[in-house]
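Undergrad:
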Amino acid sequence: MDRFFRLTRLLCFCLFAVATSAFAGEPAAEAPQPPVVLSSGAEGGGYWNAATRMRSVAADRAGLAVDILPSTGSLENIEKLLDADSPVNLAFVQADAAQFYLDQHHGQIEKLDLLESIGQECVFIMAGVDSGIRNEKDLHDASDLRLGIASPSSGVAATFNYMVSEIPAMADIEVSYGDTAAAMEQLTSPEGPVDAVMVVHRPRAHSQEVDYALAHSDRIRFVELNDELFLQGMWNGDRIYRTMKLAMPEPHAPVQTLCVRGLLLANKQKLSIEQRNKLGDLMLYHWMEIYPTQS
């Protein structure tokens, strides 16, 4: 009888060992990687559209999930990117906005990787033809100039703040935040809220403000800008601005203005090694599917 029980226990142990061995031999199911979180810009804008393309290409080509969060612009994007309590670990940011923020927050640069450039954003400042504001020098020398900008957290505000940090004379310009499209309609009126309006967007993009200026070129002009006084470079040595002459629809003359690079930045401290590797492959092999031109 004892022999029977011993054999029974041995058989049960063997069966358990075989089952355990078989179970252990199967590779454990890999936990899915959480998505990366990209702070882009306003829904429907240039950065938002690039973000949706990136989400699609990242999923198809790299098996990387991308969540997109809307924002008011570059300043909000970089603030979230460097905020330890925010899930954002990728952001589209204008180079001047990034440099302005980093100049105010020392020690943050070590957290950032510059993954790619995402084309040019160009500055458009519009004023009445009788205002006396024709070029950059007029902006610097003007007294009591009121400049309309849409939002204090936008890339436009970041561009203006960076310009002021480089050219202190511009600090005398009074900034008025609000509806710049509505302000354009009153730009030549003595009762208007501002004397000039500033927007920043892609060279070939349309905005209500620029379209209005073109449609009323007898009353409104584009202020001529150049990069001669903006000498500071980015943290990697690249120039912040470059002067460009932008073609306008005929019969309008080209507009000389400043353009700044858009950047895709990552907070490497908020990404796993696997996420960083997949992003590296995505940038190296598939970026042209996300952003096919560098203009």
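The numbering used here numbers the first residue of the sequence shown as 6 and each following residue consecutively. Glycine is no exception: its CB is placed at the ideal position from the N, C-alpha and C atoms. If you're wondering where the values come from, they're calculated on a predicted model, not measured in any experiment.
I'd like to confirm the pairing. Which residues does DSSP put opposite A201 in its beta bridges?
TA: Its beta-bridge partners are A132, L152.
Undergrad: Given a cut-off of 7 Å, decide if A162 and I154 are closer than it, judged by their beta-carbon atoms.
TA: The answer is yes: Cβ separation under 7 Å.
Undergrad: So, is S148 buried or exposed, given that buried needs 16 or more other C-beta atoms within 10 angstroms?
TA: exposed
Undergrad: Determine the contact status of V128 and T262, defining contact as a CB-CB distance below 7 Å.
TA: Yes. Within cutoff.
Undergrad: Could you check whether E48 and G267 sit closer than 7 Å to each other, using their CB atoms as the reference points?
TA: Cβ atoms of G267 and E48: not closer than 7 Å.
Undergrad: Let me make sure I understand the geometry here. Which of H145, H110, L120, D101 has the alpha-carbon closest to that of L230?
TA: H145
Undergrad: Using CA atoms only, rank isn't needed, just tell me which of D286, L236, A89 is closest to S170.
TA: L236
Undergrad: Taking just the CA atoms, how far does M189 sit from M288?
TA: 40 Å
Undergrad: Suppose you measure from the CA of D118 to the CA of V134; what does that come to, to the nearest Å?
TA: 44 Å
Undergrad: Give me the Cα-Cα distance between M168 and D232, rounded to the nearest whole angstrom.
TA: 10 Å
Undergrad: Go through the segment 234–258 residue by residue and report every complete run of the alpha helix (DSSP H) that reaches 4 residues or more, in order.
TA: none
Undergrad: Excluding the 5 residues preceding and the 5 following I245 in the sequence, name in chain order all residues of the same chain whose CB lies nearer than 7 Å to its CB.
TA: A100, D101, Q104, F235, Q237, G238, M239, V265
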